[in-house]
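The structure appears right after this line, and notes come after that.
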Amino acid sequence: MAMPLESPISFTNVGRIRWWQRGIFASQTGYVLLALLVLLIAMHFASPYFFTQGNMQNVAKNFSFIAIATLGITFVIITGGIDLSVGSMMCFSAMITSMVMSGLSTPGMPGAFLFVHLAADGKTVVANVPGLILLVSILAGLVVALIGGLVNGFCIAVLGLSPFVTTLGMLSIVRGLGYVVSNGRGSFPGGPDADYFYALTSGDLFGVPAPFIYLLILAAVMAIVLHHTSFGRHVFALGGNEKAAELTGIPVIRVKIKVYVICALAAGLQGIIVSGWLGSAPANMATSYELNVIAAAVIGGANLAGGVGGPLGAIVGCVLLEVIRNGLVLAQVSSYWQQALVGVIIILAVLVDRIRSRIT
Numbered sequence: 001m002a003m004p005l006e007s008p009i010s011f012t013n014v015g016r017i018r019w020w021q022r023g024i025f026a027s028q029t030g031y032v033l034l035a036l037l038v039l040l041i042a043m044h045f046a047s048p049y050f051f052t053q054g055n056m057q058n059v060a061k062n063f064s065f066i067a068i069a070t071l072g073i074t075f076v077i078i079t080g081g082i083d084l085s086v087g088s089m090m091c092f093s094a095m096i097t098s099m100v101m102s103g104l105s106t107p108g109m110p111g112a113f114l115f116v117h118l119a120a121d122g123k124t125v126v127a128n129v130p131g132l133i134l135l136v137s138i139l140a141g142l143v144v145a146l147i148g149g150l151v152n153g154f155c156i157a158v159l160g161l162s163p164f165v166t167t168l169g170m171l172s173i174v175r176g177l178g179y180v181v182s183n184g185r186g187s188f189p190g191g192p193d194a195d196y197f198y199a200l201t202s203g204d205l206f207g208v209p210a211p212f213i214y215l216l217i218l219a220a221v222m223a224i225v226l227h228h229t230s231f232g233r234h235v236f237a238l239g240g241n242e243k244a245a246e247l248t249g250i251p252v253i254r255v256k257i258k259v260y261v262i263c264a265l266a267a268g269l270q271g272i273i274v275s276g277w278l279g280s281a282p283a284n285m286a287t288s289y290e291l292n293v294i295a296a297a298v299i300g301g302a303n304l305a306g307g308v309g310g311p312l313g314a315i316v317g318c319v320l321l322e323v324i325r326n327g328l329v330l331a332q333v334s335s336y337w338q339q340a341l342v343g344v345i346i347i348l349a350v351l352v353d354r355i356r357s358r359i360t
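Heads up: the sequence shown begins at 1 in full-length UniProt numbering, then just goes up one per residue.
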């Protein structure tokens with residue numbers, strides 16, 4: 001005689017995920033993205049000029065001017081660190097790029113002989129190759145950013161200094177060096193390659209601003225690196241638990257140095273692009289930009305405690321800040337309100353993340 005089958009025991013509290021823990025609501029980036037969509041709809045009704053082609057191009061270009069640096073600092077924040085020197089690094093890289101470009105294009109300029117070899121006919125080899133002055137100048141700007149990132153990474157990873165104190169000191173050092181090499185005056189990209197420089201930094205391709213194209217490319221690279229390489233896994237591991245990561249054999253020192261180098265290079269590239277838009281690299285360029293960059297990363301979902309962050313959140317945070325700024329301009333509201341609103345949004349973003357984590 002067959003034994004009757006017992007009814008299976010069901011556990012109603014297992015395997016069920018609440019609605020605020022699924023899909024777009026599973027991260028702070030999702031909530032910020034929803035807030036951005038609501039803000040865009042509100043701006044559509046508030047101003048008939050917001051969604052015009054010209055204004056959308058301005059928005060895309062303007063938020064790209066901090067988004068590339070935000071991608072870089074997101075690497076650092078994921079590891080639980082911070083970099084306060086990004087604004088100064090932007091300025092210094094831009095100044096070096098402009099000064100080298102002008103120096104290579106002007107015979108007899110101090111330091112030009114380091115880069116220019118005079119041919120027998122008296123013409124410079126560099127000047128005779130279209131785009132070579134531009135390439136050398138951009139590389140010079142990125143090299144100084146690389147050195148700054150290496151110094152930050154060495155002091156933090158090897159010497160064990162605080163990221164906050166170290167990068168705060170680097171902020172002052174780099175800004176001071178900028179004033180020293182320029183005597184407090186701005187520098188202007190000049191020479192035969194100046195047109196190439198402006199086309200690459202402030203031009204557009206089929207109506208799409210060049211900085212926005214660079215941003216999309218770098219964001220895609222960042223997503224691949226973070227989610228499909230061992231280096232990306234190591235970055236998240238450091239932010240989750242650095243001691244545990246070290247015990248599992250992850251090269252903590254090497255990874256830390258790399259993320260600060262990446263952050264510095266992103267800031268240097270950002271500064272070079274901004275100088276093309278401005279047409280110069282003034283000595284006070286990008287002052288306090290580090291606050292906007294960090295704010296965009298945090299608003300987009302990067303956790304200052306480490307372990308959380310990504311390119312989508314960085315971009316969404318930058319877009320939100322630019323939409324607010326642009327909306328204030330169109331509404332003829334004083335731009336001084338922008339900084340106050342950014343502070344409110346940062347606090348709200350952290351508050352939402354804290355509430356979400358407590359009810360998870």
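For every residue, glycine included, the Cβ atom is placed at its ideal position computed from N, Cα and C.
Small disclaimer: the values here were computed from a predicted structure and weren't measured.
DSSP places I82 in no alpha helix (DSSP H); its state is neither H nor E. Less than 8 Å separates the beta-carbon of T29 from that of V316.
Going by beta carbons, V174 and A140 fall outside the 8 Å limit. Secondary structure of S64 (DSSP, three-state): helix. Taking C-beta atoms as the reference points, A219 and L348 fail to come closer than 8 Å. Boundaries cannot be given for D193, as no alpha helix (DSSP H) includes it and DSSP labels it neither H nor E. Within the region 246 to 331, the complete alpha helix (DSSP H) runs of at least 4 residues fall at 252 to 278, 289 to 299, 311 to 330. In this structure, V261 and L238 do not form a Cβ contact; the two beta carbons are roughly 15 Å apart against a cut-off of 8 Å. In this structure, the beta-carbon distance from M285 to A145 does not fall below 8 Å. Beta-bridge partners of P209 (DSSP): D204.
Collapsing the DSSP output to three states places S187 in a strand. In the structure shown, L161 falls within a coil segment according to DSSP collapsed to helix, strand and coil. N58 sits in a helix when the DSSP states are folded into three classes.
For the 8 Å CB-CB criterion, A60 and A266 do not form a contact. 8 Å or more divides the Cβ of L269 from the Cβ of I77. For A283, the CB contacts under 8 Å within the same chain, skipping 5 residues up- and downstream, are C91, M95, G178, Y179, S182, G184, R185, G186 in chain order.
In the three-state DSSP reduction, S335 falls in the coil class, being neither helix nor strand. The beta carbon of V151 lies closer than 8 Å to those of M170 in the same chain, with the five residues before and after it left out. Shown here, S27 sits in coil according to DSSP, grouped into three states, outside any helix or strand.
About 2 Å separates the Cβ atoms of T201 and G276, confirming a contact at the 8 Å cut-off. Counting other Cβ atoms within 10 Å of its Cβ, L351 stays below 16 and is therefore classed as exposed.
Beta-carbon to beta-carbon, L84 and L168 are separated by about 5 Å, close enough to satisfy the 8 Å threshold. Residue range 132 to 153 is occupied by the alpha helix (DSSP H) that includes N152.
By the Cβ-count criterion, M222 is buried, with 16 or more other Cβ atoms from all chains shown falling within 10 Å of its own Cβ.
Per DSSP, the unbroken alpha helix (DSSP H) holding S230 starts and ends at 230 to 240. Beta-carbon to beta-carbon, V308 and G301 are separated by about 6 Å, close enough to satisfy the 8 Å threshold.
Separation of the CB atoms of A314 and T74 is rounded to 5 Å, and the pair is thereby assigned contact status at 8 Å. Judged by DSSP in its simplified three-state form, Y198 adopts helix.
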